[in-house]
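Worksheet: one structure, shown below.
Residue numbers (UniProt numbering): 1 to 132.
Below, the structure is given as C-alpha cells:
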C-alpha cells in the first residue's frame, strides 16, 4: 500500500462516492474538508491519520483515514480504510411512500373501483317507480 493518495480517489475507494467523477464533484463543490481546511481540488493528497469531513445535504460525516487502498474493493474492505468519528444522529421514522394514509377516493382508482365503474357504465341502474 502507498502512503498517500488523491482525495477523490480515496473517497471512491472508501465508497463514500459511487463514482470517481461524483467524488471529484463533491470536492470541487466545497463539500469536503481535510483536517478542518476546505479542499478545492480533487488532486489534494491525503495520508494515513488525516481527518476528512464530508457535508452533503443535512448529513455531516467525519472520517479518519486508517488505510490507503490500492483498488476499490467490496464494502466490507472499504469500511476498514476509515474510522467514522461522526456523532450519532437520531433517525426519525418516516413512513414509506406507499404507507402514507390517504383518504378513500383520492388518487388513482383501484382495480376494484375500475371494475365497479365499468359495470355501472355497461348496465346503469334504472330508478324504480317508487324512487322518483
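All C-beta atoms, glycine included, are put in the ideal place defined by N, C-alpha and C.
Here the structure is a predicted model, which is why all the values come from computation and not from measurement.
Provide the residue span of the alpha helix (DSSP H) that contains residue i, from first to last.
i           : result
residue 44  : Unbroken run through residue 44: none, as it is neither H nor E.
residue 106 : Neither: residue 106 is in no alpha helix (DSSP H) and is coded neither H nor E.
residue 121 : 111–122
residue 27  : 20–28
residue 78  : 75–78
Quickly, what does DSSP pair residue i with across the bridge? List them, please.
i          : result
residue 84 : 63
residue 37 : 34
residue 4  : 47
residue 68 : Partner(s): none; residue 68 has no beta bridge.
residue 52 : 34 and 63
Could you round the C-beta distance between residue i and residue j to whole angstroms and report it? I think they count as a contact, below 8 Å.
i           : j          : result
residue 140 : residue 26 : Within the shown structure, residues of the chain are numbered from 1 to 132, placing residue 140 beyond reach of any answer.
residue 83  : residue 14 : Not quite, the Cβ-Cβ distance comes to about 11 Å (not below 8 Å), so this is no contact.
residue 31  : residue 52 : Not a contact, Cβ separation roughly 11 Å.
- Item | Touch test, the segment 31–41 against the segment 103–111, Cβ-Cβ under 8 Å, three pairs minimum | no
- Message: Closer than 8 Å is the cut-off here; do at least three beta carbon pairs connect the segment 69–78 with the segment 44–61?
- Response: no
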